[in-house]
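In terms of the working numbering, the sequence shown opens at residue 44 and continues consecutively.
We put the CB at the ideal spot given by N, CA and C, even for glycine.
Report on the structure given below.
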Amino acid sequence: MKSTKQKIAIIGTVGLPANYGGFETLTEHLVKNLDFKYDFTVYCSGKKYKKEDRKPYYRNAKLKYLPLEANGIQSIFYDTISIIHALFFADVLLILGVAGAWILPFVKFFTNKKIIISIDGIEWKRDKWNVLLKHICFGQKS
(Lines of atoms letter the chains of each structure in order from A and count residues from 1; the text may use other names and numbers.)
(Lines give C-alpha, C1' and ligand atoms only; values in the text may rest on other atoms or scores of the structure.)
Protein backbone atom coordinates (compact mmCIF):
# COMPACT_ATOMS: atom_id res chain seq x y z
CA MET A 1 0.00 0.00 0.00
CA LYS A 2 1.32 3.41 -0.93
CA SER A 3 2.05 5.86 1.89
CA THR A 4 -0.33 8.80 2.20
CA LYS A 5 2.07 10.79 4.37
CA GLN A 6 3.42 14.04 2.98
CA LYS A 7 6.97 13.75 1.67
CA ILE A 8 9.35 16.35 3.08
CA ALA A 9 12.88 16.88 1.77
CA ILE A 10 15.26 18.54 4.21
CA ILE A 11 18.01 20.41 2.40
CA GLY A 12 21.02 22.32 3.68
CA THR A 13 22.28 20.15 6.50
CA VAL A 14 25.53 18.24 6.85
CA GLY A 15 23.34 15.22 7.58
CA LEU A 16 22.22 12.72 10.19
CA PRO A 17 22.97 11.72 12.84
CA ALA A 18 23.35 15.27 14.10
CA ASN A 19 27.05 15.83 14.76
CA TYR A 20 27.56 19.30 13.37
CA GLY A 21 25.23 22.10 14.43
CA GLY A 22 21.80 23.60 14.85
CA PHE A 23 20.27 22.67 11.50
CA GLU A 24 21.26 19.05 12.01
CA THR A 25 19.82 19.10 15.54
CA LEU A 26 16.56 20.54 14.22
CA THR A 27 16.48 17.87 11.52
CA GLU A 28 17.08 15.11 14.03
CA HIS A 29 14.22 16.36 16.22
CA LEU A 30 11.85 16.60 13.24
CA VAL A 31 12.69 13.07 12.12
CA LYS A 32 12.45 11.69 15.64
CA ASN A 33 9.19 13.36 16.59
CA LEU A 34 7.20 13.66 13.35
CA ASP A 35 7.97 10.49 11.41
CA PHE A 36 4.47 9.19 12.21
CA LYS A 37 3.05 12.06 10.14
CA TYR A 38 5.66 12.68 7.39
CA ASP A 39 8.06 10.77 5.17
CA PHE A 40 11.42 12.54 5.46
CA THR A 41 14.34 12.55 3.07
CA VAL A 42 17.47 14.26 4.38
CA TYR A 43 20.32 15.33 2.11
CA CYS A 44 23.74 14.61 3.59
CA SER A 45 27.30 15.58 2.75
CA GLY A 46 29.17 12.53 1.48
CA LYS A 47 32.38 14.34 2.41
CA LYS A 48 31.51 14.31 6.14
CA TYR A 49 30.42 10.69 6.51
CA LYS A 50 32.81 7.83 5.79
CA LYS A 51 31.42 5.33 3.30
CA GLU A 52 31.34 2.60 5.92
CA ASP A 53 29.32 4.87 8.26
CA ARG A 54 26.70 5.84 5.66
CA LYS A 55 23.31 4.30 6.10
CA PRO A 56 20.33 4.46 3.73
CA TYR A 57 18.07 5.42 6.64
CA TYR A 58 18.36 7.18 9.97
CA ARG A 59 15.40 6.38 12.16
CA ASN A 60 12.74 6.35 9.42
CA ALA A 61 14.25 9.13 7.30
CA LYS A 62 15.79 8.33 3.93
CA LEU A 63 19.33 9.68 3.61
CA LYS A 64 20.69 10.91 0.27
CA TYR A 65 24.43 11.51 0.14
CA LEU A 66 25.97 14.00 -2.27
CA PRO A 67 29.72 14.01 -2.98
CA LEU A 68 30.03 17.65 -1.89
CA GLU A 69 30.62 19.68 1.26
CA ALA A 70 27.47 21.09 2.82
CA ASN A 71 29.37 24.23 3.84
CA GLY A 72 31.62 26.78 2.17
CA ILE A 73 31.49 27.49 -1.55
CA GLN A 74 30.42 23.91 -2.33
CA SER A 75 27.22 24.52 -0.36
CA ILE A 76 25.79 26.47 -3.30
CA PHE A 77 26.09 23.40 -5.55
CA TYR A 78 25.14 21.01 -2.73
CA ASP A 79 21.88 22.83 -2.01
CA THR A 80 21.08 23.50 -5.68
CA ILE A 81 21.44 19.83 -6.65
CA SER A 82 19.42 18.81 -3.59
CA ILE A 83 16.61 21.23 -4.49
CA ILE A 84 16.42 20.02 -8.09
CA HIS A 85 16.45 16.36 -7.01
CA ALA A 86 13.79 16.93 -4.33
CA LEU A 87 11.42 18.53 -6.82
CA PHE A 88 10.89 15.12 -8.41
CA PHE A 89 9.41 13.45 -5.33
CA ALA A 90 8.86 15.78 -2.36
CA ASP A 91 5.64 17.59 -1.52
CA VAL A 92 7.48 20.07 0.71
CA LEU A 93 11.07 21.34 0.55
CA LEU A 94 12.47 22.50 3.89
CA ILE A 95 15.59 24.49 3.03
CA LEU A 96 17.90 25.28 5.91
CA GLY A 97 20.26 28.12 5.00
CA VAL A 98 20.47 30.32 1.94
CA ALA A 99 23.13 28.72 -0.26
CA GLY A 100 20.66 27.36 -2.80
CA ALA A 101 18.16 30.19 -2.59
CA TRP A 102 19.35 31.71 -5.87
CA ILE A 103 17.48 29.00 -7.81
CA LEU A 104 14.14 29.38 -6.04
CA PRO A 105 12.69 32.13 -8.28
CA PHE A 106 13.27 29.80 -11.25
CA VAL A 107 11.83 26.82 -9.38
CA LYS A 108 8.60 28.73 -8.72
CA PHE A 109 8.05 28.97 -12.50
CA PHE A 110 7.86 25.17 -12.74
CA THR A 111 6.11 24.09 -9.55
CA ASN A 112 3.74 25.21 -6.87
CA LYS A 113 5.21 22.89 -4.24
CA LYS A 114 5.50 24.28 -0.74
CA ILE A 115 8.98 25.66 -0.04
CA ILE A 116 9.97 26.60 3.49
CA ILE A 117 13.25 28.42 4.16
CA SER A 118 15.00 29.04 7.44
CA ILE A 119 17.93 31.42 7.11
CA ASP A 120 19.12 30.93 10.68
CA GLY A 121 18.62 34.55 11.68
CA ILE A 122 22.26 35.64 11.52
CA GLU A 123 23.43 33.66 8.49
CA TRP A 124 24.98 36.81 7.00
CA LYS A 125 27.45 37.04 9.91
CA ARG A 126 29.03 33.64 9.30
CA ASP A 127 32.69 33.55 8.32
CA LYS A 128 31.99 31.26 5.37
CA TRP A 129 30.64 34.28 3.46
CA ASN A 130 33.26 36.77 2.29
CA VAL A 131 32.54 40.51 2.21
CA LEU A 132 31.46 40.50 -1.45
CA LEU A 133 28.99 37.63 -0.97
CA LYS A 134 27.66 39.20 2.22
CA HIS A 135 26.93 42.35 0.24
CA ILE A 136 25.41 40.57 -2.77
CA CYS A 137 23.37 37.94 -0.94
CA PHE A 138 22.43 39.69 2.26
CA GLY A 139 22.74 43.40 1.51
CA GLN A 140 25.39 43.80 4.20
CA LYS A 141 28.29 46.20 3.81
CA SER A 142 30.65 44.16 6.01
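Out of S118, P148, F153 and I138, the CA that lies nearest to the CA of F131 is found in F153. Using a 10 angstroms sphere on the CB of G64, the tally of other CB atoms stays under 16, which defines it as exposed.
The stretch 106-113 makes contact with the stretch 84-97; the number of CB pairs closer than 8 Å reaches 3 or more. Fully enclosed beta strand (DSSP E) runs of no fewer than 3 residues occupy 81-88 of the stretch 69-102, in order along the chain. Close CB contacts of A113 within its chain, under the 6 Å cut and outside five residues either way in sequence, are with V57, S88 and Y121 (chain order). Of the residues assessed, L111 falls on the buried side of the cut-off, its CB having 16 or more other CB atoms within 10 angstroms. According to the DSSP assignment, A129 belongs to no beta strand (DSSP E) but to the alpha helix (DSSP H) extending over Q117 to A129. Beta-carbon to beta-carbon, I138 and I126 are separated by about 7 Å, close enough to satisfy the 8 Å threshold. F79 counts as exposed, since fewer than 16 other C-beta atoms from the protein chains shown sit within 10 angstroms of its C-beta. Of the candidates N76, V141 and L136, the residue whose Cα lies closest to the Cα of A52 is L136.
Going by C-alpha positions, F83 is about 35 Å away from L175.
Annotated as proximal: Y81 and K48, with beta-carbon spacing under 8 Å. Collapsing the DSSP output to three states places L106 in a strand.
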